[in-house]
Amino acid sequence: MMSPESIQPPVMVSACLLGHKCRYNGKSCYLPVLISSMKQYQVIPVCPEVLGGLPIPRSPLEISNGDGYDVWAGSALVVNQDGVNFTYEFQKGALETLNLCRKHGVKMAVLKEKSPSCGSKRIYDGTFSTRLIPGSGVTASLLKKEGIKIFSEQEWLNEVE
Ligand code: SF4
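Dropping the structure here:
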């Protein structure tokens, strides 16, 4: 007999939205309403940047010269304000996240908008000036390429309302 847990569809969620203090500044972006909207789901928290080996706290990082798709194409890099390259860690974290999705049969994910890893519609433009551009982060673009449906936190809440 299947346990109730085994029939809950899995959904991967950015850990910072669930209250994990894994952001670059050591804080979370806890969104209690998100948790209460997920009672029928098996929630799988993930922080791709931590999975990629980055510490908490860490310097702010942005994608320079494009978005996550361009990072995978080799034409953009993830850097800090001093130009130090963190692309390897971001790609490692994204690949680990994809492995977790495969392990748990994840077909959808709710990922924090604007992040260079998790953003799925808008990200910072790489100039560290708080300017946003259309685009996806490194993890979000990889998961999308693999057919996983990505919601921003707001899109998810609009969907389940
Ligand atoms: Fe949150 Fe994603 Fe940034 Fe981790 S990488 S702190 S989960 S937005």
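First residue of the sequence shown: 1298, per the working numbering; consecutive thereafter.
Beta carbons are placed, not taken as given, at the ideal position from N, Cα and C, and that holds for glycine.
Ala1373 by DSSP, collapsed to three states: which one?
Ala1373 sits in coil when the DSSP states are folded into three classes, being neither helix nor strand.
Within the segment 1380 to 1424, note down every full alpha helix (DSSP H) run reaching 4 residues or more, in order along the chain.
1384 to 1401
Check the C-beta distance from Pro1354 over to Asn1322 and give it rounded, since I have them as a contact under 8 Å.
6 Å
State yes or no: is the C-beta of Tyr1338 nearer than 8 Å to some heavy atom of the ligand SF4?
In this structure, the C-beta of Tyr1338 stays at least 8 Å away from each heavy atom of the ligand SF4.
Taking Cβ to Cβ, would you say Pro1345 is nearer than 9 Å to Thr1436?
yes
State yes or no: is the C-beta of Ser1438 within less than 9 Å of the C-beta of Lys1418?
no
Simplified DSSP assignment, three categories, for Lys1446:
strand
Look at the Cβ atom of Met1335, then the Cβ atom of Ile1445, and state whether they are nearer than 9 Å.
Going by C-beta atoms, Met1335 is not nearer than 9 Å to Ile1445.
What is the DSSP secondary structure of Leu1429, reduced to helix, strand or coil?
strand
Taking Cβ positions, are Leu1440 and Ile1447 nearer each other than 9 Å?
yes
So does Arg1419 have its beta carbon nearer than 8 Å to some heavy atom of the ligand SF4?
no
Can you find the residues in the same chain that come closer than 8 Å, C-beta to C-beta, to Val1403, ignoring five residues on each side of it along the sequence?
Pro1307, Val1308, Met1309, Ile1341, Leu1397 and Ile1445
Classify Tyr1421: buried if its beta carbon has 16 or more other beta carbons within 10 angstroms, exposed otherwise.
buried
Kindly examine the ligand SF4 and report whether one of its heavy atoms sits closer than 8 Å to the Cβ of Leu1314.
Relative to the ligand SF4, the beta carbon of Leu1314 is positioned inside 8 Å of a heavy atom.
Restricting to Cα atoms, I'd like to know which of Ala1391, Glu1452 and Ser1412 is closest to Lys1442.
Ala1391
May I have the straight-line CA-CA distance separating Val1407 from Glu1450, to the nearest angstrom?
6 Å
Can you check DSSP and say which residues form a bridge with Leu1361?
Looking at the sequence shown, residue 1361 is not Leu but Ser. Paired residues: Leu1374.
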